[in-house]
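J.:
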Amino acid sequence: MNDSTRPLLPFTRPTIDEDTIAAVAQVLRSGWLASGPKVAQLEAELSAYCGGRPVRTLTSATAGLEVALLACGIGRGDEVITPAMSFVATANVIVRVGARPVFVDVDLDSRNIDLDQVEAAITARTRAIMPVHFAGLPLDMERLYTIAARARLRVIEDAAHAIGSAYGGRRIGSFGDLVVFSFHPNKNMTTIEGGAICGGSPAELQTIELQRWHGQLKSGPDGFDTRVAGGKYNLSDVAAAVGLGQLRRLEEFNARRRALAARYYELWSTDPPLRLPERGDAGHSWHLFAPLLPLPQLSITRREFIEAMRARGIGVGVHYPAIHLFSAYRALGYRDGQFPNAERIGRETVTLPLFPAMDAGDVERVVEAAAAVVRGARA
């Protein structure tokens, strides 16, 4: 079978086993579909996974980041420092609570926020730092929290990519301030759509509870009050049933991702045709494998590279364009040239297949296809 007739190898695909499908069917038959016992069980198991810290699930990591900002009291007139290269939700939530995102550049290979620039960006209005553990590679947590403590800032970790990642042998989420995970279908574990906040004081947990359920506080079987104009971000028991099955296999999934990433590096140990991301250590959970195309040396565009790979049966993603160059952020005064690494990544990044159902032969197929496309396009 040649590449053109093989089934498309996507850049990601969730693994849902039959036990999980059966658990979802059981929930559907139970008649309790919204937040109920399965949500409570998932939160308890996630808490245990994160060292006993409190966990609250929500409908997405985006909701989690926004609610975390509100729990910290961040709003109009405040500034939040965040990377110029991430999924746009990281910045959108800051704007949505009325604060201003203050972008700084990222490292070209780790894609994580440049902590030197974080220190330089702190002003009297700065209230928080919102870093991203890009692709599951934890940033320097010791330095991050030293900077935050010195300036008395909150830290809201965008750990959308990092469920199962570890820094210094400690799982992301098991320490630190507020940590937000994503359970979107392309993440290392999924609840179909969903996310979670890990951490928080008792008062912050109450705010999280209010914000995810209409701002309402019940008092007995027939009484309730609306304390704030909250949203509706509660996870369903159907989603939680999927999450429970996924969480039980998360370590297996992440071990497989690490093995597949290691195979990419083994095959591209010399003269790789693309610029490889920072490899990291055993704490990297490898949500994404996203090298950079050497576009200045090629006679094709990134779109043409993606199309050529697809013609060979390989799906390719793009993670991510630089946030500050979107229209919504140019309107805040951001412009080309401010964050050169984020902009270069935004132009050159391609996300190659990496998910647990792949085998070593799939990695070899991707490597051969990418090398052939690049070789044929050398200017």
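Start counting the sequence shown at 900; every next residue gets the next number (the working numbering).
Ideal placement from N, C-alpha and C gives every residue a C-beta, glycine not left out.
DSSP state of V923, grouped into three classes?
T.: Reading the sequence shown from its first residue, position 24 is the one you call residue 923. The answer is helix: DSSP assigns V923 an H, G or I state.
J.: Measure the alpha-carbon distance for A939 versus K1117 and round it to whole angstroms.
T.: Locating residue 939 in the sequence shown gives position 40, where the first residue counts as 1. Locating residue 1117 in the sequence shown gives position 218, where the first residue counts as 1. A939 and K1117: Cα-Cα distance of roughly 18 Å.
J.: How would you call L907, buried or exposed, if buried means at least 16 neighbouring beta carbons within 10 angstroms?
T.: For the purposes of this step, residue 907 is taken as the residue at position 8 of the sequence shown. Burial call: exposed.
J.: Pull up the distance between the alpha-carbon of A1020 and that of P982, whole angstroms please.
T.: Your numbering for residue 1020 matches position 121 in the sequence shown. Your numbering for residue 982 matches position 83 in the sequence shown. Whole-angstrom Cα-Cα distance: 11 Å.
J.: Under 7 Å between the Cβ atoms of N1085 and W1112?
T.: Here residue 1085 refers to the residue found at position 186 when the sequence shown is read from its first residue. Here residue 1112 refers to the residue found at position 213 when the sequence shown is read from its first residue. Cβ atoms of N1085 and W1112: not closer than 7 Å.
J.: Using three-state DSSP, classify K1117 as helix, strand or coil.
T.: Here residue 1117 corresponds to residue number 218 of the sequence shown, with the count starting at 1. DSSP places K1117 in strand when its eight states are reduced to three.
J.: So, under 8 Å CB-CB, A1107 and G1099 are touching, yes? Tell me the CB distance rounded to an integer number of Å.
T.: As a first step, residue 1107 must be located in the sequence shown, where it is residue number 208. As a first step, residue 1099 must be located in the sequence shown, where it is residue number 200. Just to set this straight, residue 1107 is Ile in the shown sequence, not Ala. Contact flag correct, Cβ pair sits at about 6 Å.
J.: Just how far apart, CA to CA, sit I1222 and V1079?
T.: As a position in the sequence shown, residue 1222 is number 323, starting the count at 1. As a position in the sequence shown, residue 1079 is number 180, starting the count at 1. Computed Cα separation, rounded: 20 Å.
J.: From A998 to G974, what does the alpha carbon distance come to, in whole angstroms?
T.: Reading the sequence shown from its first residue, position 99 is the one you call residue 998. Reading the sequence shown from its first residue, position 75 is the one you call residue 974. Going from the Cα of A998 to the Cα of G974 covers about 5 Å.
J.: Please state the DSSP three-state secondary structure of M900.
T.: Position 1 of the sequence shown, counting from 1, holds the residue named residue 900. In this predicted model, M900 has a pLDDT of only 47, less than 50, meaning its place in the structure is not dependable enough to derive any value.
J.: Looking only at its own chain, which residues have a Cβ that is under 7 Å from the Cβ of R1178, when we skip the five neighbours before and after it?
T.: Here residue 1178 corresponds to residue number 279 of the sequence shown, with the count starting at 1. Closer than 7 Å at Cβ, skipping near neighbours: Y1164.
J.: Roughly how many angstroms separate the alpha carbons of A962 and G1275, rounded to a whole number?
T.: Start at 1 with the first residue of the sequence shown, and residue 962 comes out as number 63. Start at 1 with the first residue of the sequence shown, and residue 1275 comes out as number 376. Approximately 44 Å, taken between the alpha carbons.
J.: Of all the alpha helix (DSSP H) runs that stay within the bounds of the segment 984-1042, which reach a length of 4 or more residues?
T.: Within the segment 984-1042, the complete alpha helix (DSSP H) runs of at least 4 residues are 988-995, 1014-1020.
J.: Would you kindly work out how many angstroms separate the C-alpha atoms of T919 and E1263, rounded to a whole number?
T.: Position 20 of the sequence shown, counted from the start, is the residue given in the question as residue 919. Position 364 of the sequence shown, counted from the start, is the residue given in the question as residue 1263. Cα to Cα, T919 sits roughly 31 Å from E1263.
J.: Would you mind stating whether A1189 and T1248 have Cβ atoms separated by less than 7 Å?
T.: Counting from one through the sequence shown, the residue named residue 1189 turns up at place 290. Counting from one through the sequence shown, the residue named residue 1248 turns up at place 349. Cβ distance < 7 Å, so A1189 and T1248 count as in contact.
J.: Please confirm whether any heavy atom of the ligand NAP lies closer than 6 Å to the CB of A1058.
T.: The ligand NAP is absent from the structure shown, which contains no ligands of any kind.
J.: With 16 other CB atoms within 10 Å as the buried threshold, where does M900 fall?
T.: As a working mapping, residue 900 is identified with position 1 in the sequence shown. Model confidence at M900 stands at a pLDDT of 47, short of 50, so the residue's coordinates are unreliable and nothing is read from them.
J.: Please identify the residue among A1241, R1051, E942 whose C-alpha is closest to the C-alpha of C971.
T.: Locating residue 971 in the sequence shown gives position 72, counting from the first residue. Out of A1241, R1051, E942, R1051 has the C-alpha closest to the C-alpha of C971.
J.: Check T1086 in the structure and name its three-state DSSP category.
T.: To locate residue 1086, count along the sequence shown from 1; it is residue 187. Here the sequence assigns Lys to residue 1086, which means Thr is not the residue at that position. In the structure shown, K1086 sits in coil (DSSP, three-state: anything other than H, G, I, E or B).
J.: Inspect the beta-carbon positions of R1049 and L1014 and report whether they are closer than 7 Å.
T.: Taking the first residue of the sequence shown as position 1, residue 1049 is located at position 150. Taking the first residue of the sequence shown as position 1, residue 1014 is located at position 115. Cβ distance not < 7 Å, so R1049 and L1014 don't count as in contact.
J.: Return the Cβ separation of D1057 and T989 in integer angstroms, given the expectation that the two are a contact with Cβ distance under 8 Å.
T.: Within the sequence shown, residue 1057 is the residue found at index 158, counting from 1. Within the sequence shown, residue 989 is the residue found at index 90, counting from 1. With a Cβ gap of about 5 Å, D1057 and T989 count as contacting.
J.: Quick one: which unbroken beta strand (DSSP E) runs of 3-plus residues sit fully inside the segment 929-975? Chain order, please.
T.: Qualifying beta strand (DSSP E) stretches, in chain order: 954-957.
J.: For T1090, count neighbouring Cβ atoms within 10 angstroms of its own Cβ and tell me buried if that reaches 16, exposed if not.
T.: Position 191 of the sequence shown holds residue 1090. Answer is buried; the Cβ neighbour count reaches 16.
J.: Taking C-alpha atoms, which residue in Q1016, N1087, L1175, P1120 lies nearest to I1046?
T.: Taking the first residue of the sequence shown as position 1, residue 1046 is located at position 147. Of Q1016, N1087, L1175, P1120, the residue nearest in Cα terms is Q1016.
J.: Determine the contact status of N991 and G1063, defining contact as a CB-CB distance below 7 Å.
T.: Translated into positions along the sequence shown, residue 991 becomes position 92. Translated into positions along the sequence shown, residue 1063 becomes position 164. Against a cut-off of 7 Å, the Cβ pair of G1063 and N991 comes out as no contact.
J.: Assign L1077 to one of three DSSP states: helix, strand, or coil.
T.: Stepping through the sequence shown from its first residue, residue 1077 is reached at position 178. If DSSP states are grouped into helix, strand and coil, L1077 belongs with the strands.
J.: Looking only at its own chain, which residues have a Cβ that is under 6 Å from the Cβ of M1040, when we skip the five neighbours before and after it?
T.: Looking up residue 1040 in the sequence shown gives position 141. Closer than 6 Å at the Cβ level, and outside the excluded window around M1040, lie Y1066.
J.: Which whole-angstrom value describes the C-beta separation of S1009 and F1033, a residue pair presumed to lie in contact below a C-beta threshold of 8 Å?
T.: Position 110 of the sequence shown, counted from the start, is the residue given in the question as residue 1009. Position 134 of the sequence shown, counted from the start, is the residue given in the question as residue 1033. Confirmed, Cβ separation roughly 7 Å.
J.: Pick helix, strand or coil for A1095, following the three-state DSSP scheme.
T.: Locating residue 1095 in the sequence shown gives position 196, counting from the first residue. A1095 falls in the strand class under three-state DSSP.
J.: Starting from F1204, follow its DSSP beta bridges and name the residues at the other end.
T.: Position 305 of the sequence shown, counted from the first residue, corresponds to residue 1204. DSSP, once it has assigned bridges, lists no residue as partnering F1204.
J.: Quick one: grab the DSSP three-state call for R1162.
T.: As a position in the sequence shown, residue 1162 is number 263, starting the count at 1. If DSSP states are grouped into helix, strand and coil, R1162 belongs with the helices.
J.: On the three-state DSSP scale, how would you describe F1188?
T.: Along the sequence shown, one-based indexing puts residue 1188 at 289. In the structure shown, F1188 sits in a strand (DSSP, three-state: E or B).
J.: With distances taken between CB atoms, is the gap from T1025 to E965 smaller than 7 Å?
T.: For the purposes of this step, residue 1025 is identified with residue 126 of the sequence shown, where counting begins at 1. For the purposes of this step, residue 965 is identified with residue 66 of the sequence shown, where counting begins at 1. No, they are not a contact pair.
J.: Residues in the same chain with beta-carbon distance under 6 Å from G935, minus the five sequence neighbours each way, listed in chain order, please.
T.: Locating residue 935 in the sequence shown gives position 36, counting from the first residue. Answer for G935: D1136, listed in chain order.
J.: Looking at the secondary structure, which residues open and close the alpha helix (DSSP H) in which P909 lies?
T.: As a working note, residue 909 is residue 10 in the sequence shown. Per DSSP, P909 belongs to no alpha helix (DSSP H) and is neither H nor E.
J.: Please list, in chain order, all residues of the same chain as E942 whose beta carbon is under 7 Å from its beta carbon, the five residues on each side excluded.
T.: Position 43 of the sequence shown, counted from the first residue, corresponds to residue 942. Once the five neighbours on either side are set aside, the close Cβ partners of E942 are V954, R955, T956.
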